[in-house]
Amino acid sequence: MKKIVTLVLLLMMAGMVIAGCGSADTKAPAKKKIVIGLDDSFPPMGFRDEKNNIVGFDIDMAKEASKKLGMEVEFKPIDWSSKEAELNGKRIDALWNGMNITEERKKNVLFSEPYMESKQLIFVLAGSPIKSAADLSGKVVAVQQASVGEEVVVKDTKLKSSLKDFKTYPDCIAAFMDLKTGRVDAVVTDEILGRYYMSKEAGKYVAIEQALGEVGTYGIGFRKDDKELRDKMQKALDEMKKDGTSAKISQKWFGADIVK
Numbered sequence: 010m011k012k013i014v015t016l017v018l019l020l021m022m023a024g025m026v027i028a029g030c031g032s033a034d035t036k037a038p039a040k041k042k043i044v045i046g047l048d049d050s051f052p053p054m055g056f057r058d059e060k061n062n063i064v065g066f067d068i069d070m071a072k073e074a075s076k077k078l079g080m081e082v083e084f085k086p087i088d089w090s091s092k093e094a095e096l097n098g099k100r101i102d103a104l105w106n107g108m109n110i111t112e113e114r115k116k117n118v119l120f121s122e123p124y125m126e127s128k129q130l131i132f133v134l135a136g137s138p139i140k141s142a143a144d145l146s147g148k149v150v151a152v153q154q155a156s157v158g159e160e161v162v163v164k165d166t167k168l169k170s171s172l173k174d175f176k177t178y179p180d181c182i183a184a185f186m187d188l189k190t191g192r193v194d195a196v197v198t199d200e201i202l203g204r205y206y207m208s209k210e211a212g213k214y215v216a217i218e219q220a221l222g223e224v225g226t227y228g229i230g231f232r233k234d235d236k237e238l239r240d241k242m243q244k245a246l247d248e249m250k251k252d253g254t255s256a257k258i259s260q261k262w263f264g265a266d267i268v269k
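Numbering (our numbering) for the sequence shown: 10 to 269.
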């Protein structure tokens, strides 16, 4: 009888150990890598250098923030017009590429705190007769598809209806190339991107200082149900602001600390 009781007790203890091991195995592992989606033709936030490496202000910021979290980071070029589908389809974990925070995007995306201000400006060739938004009447205007620049023009029905033509491009590089060759009369895009192009070809382009629409802000986009990752990344960004890391990166790309 004693042998039977002892055997039963041993079997019960073995079952408890197996059950304990099973519960440990089902625990979700900590995330080790973050995949960031971006438009890799959006200088100086994220773009390809002469060696085809993805570089930029947002790239440096993401690398440093991920390092603070002990995570590997992967940058995945995407079709920017499908960014929310890429995010919510879990093919990427975040959108980090000079992404404007808008009320419409908030419906499908969980944003970080704003880290930089942005304005939509009109860019024209030097010597252009266009001096204000009113001068766009009868002109051909270019924007990047699914960008805030496109939203701003579309929402201003009076402005849009006055245009001779309204062209959308997959990226701003193509829009500026057509501006340079005279195929379009103006490009409406983010101030930071436009001024970057201006700096690369001094005297070629002019920015119309009158902003279109409201002054916006950049944020990092996450899935609505991924609050844990958003909060961790926000903490890393806050630390970078305090220890001067973000200021150093901003100085590298803009010559000043313009991080909010």
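Backbone N, C-alpha and C fix where the C-beta goes; we use that ideal spot for every residue, glycine too. Quantities reported herein were computed from a predicted structural model and do not represent experimental measurements.
Within its own chain, the residues whose Cβ lies closer than 7 Å to the Cβ of R232, once the five positions on either side in sequence are excluded, are L96, N97, L119, listed in chain order. The C-alpha of A220 lies about 18 Å from the C-alpha of M108. Secondary structure note for D199: its beta strand (DSSP E) is the uninterrupted segment 195 to 199. With a cut-off of 8 Å on Cβ pairs, the region 196 to 216 is in contact with the region 122 to 132, counting three or more such pairs. Looking at the DSSP output, Y227 sits in a beta bridge with N109, M125. Less than 7 Å divides the Cβ of Q154 from the Cβ of T177.
Taking the CA atoms as reference points, V163 sits about 42 Å from G79. In the structure shown, K85 falls within a strand segment according to DSSP collapsed to helix, strand and coil. By the 16-neighbour rule on beta-carbons within 10 angstroms, S141 is exposed. Around the beta carbon of A71, 16 or more other beta carbons sit within 10 angstroms, so the residue counts as buried. Under the 10 Å beta carbon count, K148 is surrounded by 16 or more other beta carbons and is classified as buried. Note that the C-beta distance between G46 and G55 is not below 7 Å. With contacts defined by Cβ atoms closer than 7 Å, S255 and I267 do not form a contacting pair. S171 and D252 have their C-alpha atoms spaced approximately 49 Å apart. About 6 Å separates the Cβ atoms of K169 and F175, confirming a contact at the 8 Å cut-off. Taking the Cβ atoms as the reference, S137 lies roughly 7 Å from V215, within the contact range of under 8 Å. If you look at V152, you'll find it in the beta strand (DSSP E) that goes 149 to 153.
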